[in-house]
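Counted from 1, the sequence shown has number 355 at position 175 by this note's numbering; the numbering is strictly sequential.
Using N, Cα and C, we set each Cβ at its ideal position, and we do this for glycine too.
Notes follow once the structure below has been shown.
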Amino acid sequence: MTRLISEASYARVFEHELDGKDNRYVMLLMGNNNGTRRIYLAWSDDGREWEAQQEPLISPQPGQGGNLSGAYYFPYNGHHYVTVHGGSGNQYVVDVGENFDQEIHLGPYYQPSAVAPENGRAASRSYIYSEDELYMVYEAGQRGSTKIALARAILGDERVEMASASLRLPSRVVSTNSEIDFEVLARRYDGTTIAENELSFSLFSSDSSVVRVDGQRLYSGGEGIAEVRAEVSYQGKVITTEAISIEVRDGEVWNVIDERFDDYTRRWQIAKGSAAQGTIEQGAGFVDIIENRRSGGAYHYLTYEGFYLPNSFYTLEAELSVFAPSQGNEISIREGNRQKSLFITYDGKQGFIQDRLLQPTVAVEIDPTERARYKLVSTGQTTYDVYRNDEFLFRSTSVSQAGQNLVKVGADSQGSAALRVDALRIQTNTAP
């Protein structure tokens with residue numbers, strides 16, 4: 181294998197002869213080259229002994245998320261394509277030529293939706309022809325909570341038909357006796373957005389005493405939880421949206437997320453690596469996140485996805501404590517492909533809050549076992565301030581991370597967690 185890579189994986193083998201190689205098979209694989217994952221090529225005449233090309237066949241391009249994997253050879257209409265999955269979550273197509281001696285990037289050909297089951301990620305595809313239809317079998321969802329999905333190729337006039345419809349709410353927790361803001365979003369198969377004035381829709385609520393429908397408006401009533409959905413029509417086609425659970429509370433409510441952790445399963449998901457061995461346990465008005473394993477694939481998070489922020493000015497506030505020695509109790513928010521984080525470490529005697537798990541740029545000593553209110557105040561696209569019980573602790577900068585908007589609470593693979601979280605809220609702020 182090539183001397184330039186430290187890891188080789190996601191290999192696939194296809195029958196294809198290359199000029200001058202005296203081969204029957206080609207292998208496409210992911211190689212880790214100093215932290216950047218590229219696609220490499222190898223060939224063999226018997227499938228047992230392989231010779232590898234030292235230089236990568238395909239390298240990631242700007243906007244693809246920095247890494248590529250899951251290469252699949254796909255000859256089609258006289259062209260020789262390789263499709264790959266990028267760190268951005270999208271699938272891309274590259275024309276490599278019949279002799280695998282060119283690299284022409286043709287851009288994304290499949291962009292996953294931000295909602296379940298894809299949640300911003302589609303990977304590891306294969307293709308099937310059946311009854312003159314082309315299908316793609318692929319992995320959908322973020323790592324740790326993936327599913328096997330099926331997609332059908334859309335061709336010709338069908339590309340301009342409505343493909344999907346959804347409801348988007350600024351917050352899924354609202355105050356009593358108020359109008360509830362929402363949007364109806366619909367897209368065609370070609371990826372274009374359908375203007376709302378071209379759509380017609382009807383709204384439905386599972387409990388009108390909690391959420392009331394009045395024509396094409398929603399209003400909150402008394403405290404409780406109701407599910408709301410829409411039937412969306414466009415040019416004779418009707419799609420029913422996924423139902424959204426709305427909680428109505430008395431009093432002031434934060435306008436993006438307002439979570440009291442009475443039941444985390446209503447709005448949060450678990451993202452857990454294959455090596456993780458800890459637990460996430462629901463308590464009486466809190467949730468405990470416990471993970472002691474520190475190794476590759478041992479990440480363990482509660483995640484909240486699909487929320488909307490109009491810009492990079494917001495406040496994330498969490499009430500929490502650390503109840504056992506642990507290194508890397510994390511709260512992170514990803515917005516606009518930038519991630520802002522705080523990490524709390526505790527060795528049983530001393531505790532610190534810092535901006536990075538490894539090689540932090542700033543760390544402040546605290547007592548993490550005391551229940552406290554932590555604030556991450558985003559002051560721009562790349563900058564944020566951290567407070568504890570309203571006391572300013574430090575200022576830091578974000579790191580680049582591609583993907584949809586996401587909050588995660590727990591531990592990365594190189595961290596551990598013993599974290600009790602009582603509440604987590606996000607409120608938009610006015611730009612200065």
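- If you check the CB distance, A366 and M342 come in under 7 Å.
- With fewer than 16 other CB atoms across the displayed protein chains lying within 10 angstroms of its CB, D394 is exposed.
- Here D535 is buried: its Cβ has 16 or more other Cβ atoms, across all protein chains shown, within 10 Å.
- Residue burial annotation: D527 is exposed, with fewer than 16 other C-beta atoms found within 10 angstroms of its C-beta.
- Contact between the region 563 to 582 and the region 590 to 597 is absent, with fewer than three C-beta pairs closer than 8 Å.
- By the neighbour-count criterion, in which 16 or more other beta carbons inside 10 Å mark a residue as buried, G590 falls on the buried side.
- S425 places its beta carbon less than 7 Å from that of E407.
- The Cβ atoms of F466 and F441 lie closer than 7 Å to each other.
- If you look at S425, you'll find it in the beta strand (DSSP E) that goes I424 to R429.
- Annotation: the region 450 to 499 contains no complete segment of the alpha helix (DSSP H) (minimum length 4 residues).
- Spanning the alpha carbons of I284 and M316 requires a straight line of approximately 22 Å.
- Beyond the five residues adjoining it in sequence on each side, Y554 comes within less than 6 Å, by CB distance, of A498 and R568 in the same chain, given in chain order.
- For K588, the beta-bridge partners assigned by DSSP are T483 and S512.
- When the five nearest sequence neighbours on each side are left out, the beta carbons in the same chain lying within less than 8 Å of the beta carbon of R518 are those of S492, Q561, T562, S578, V579, S580 and Q581, in order along the chain.
- Out of K520, R551 and L347, the CA that lies nearest to the CA of A294 is found in L347.
- Secondary structure of V390 (DSSP, three-state): coil.
- In the DSSP assignment, W223 falls within the unbroken beta strand (DSSP E) covering T216 to S224.
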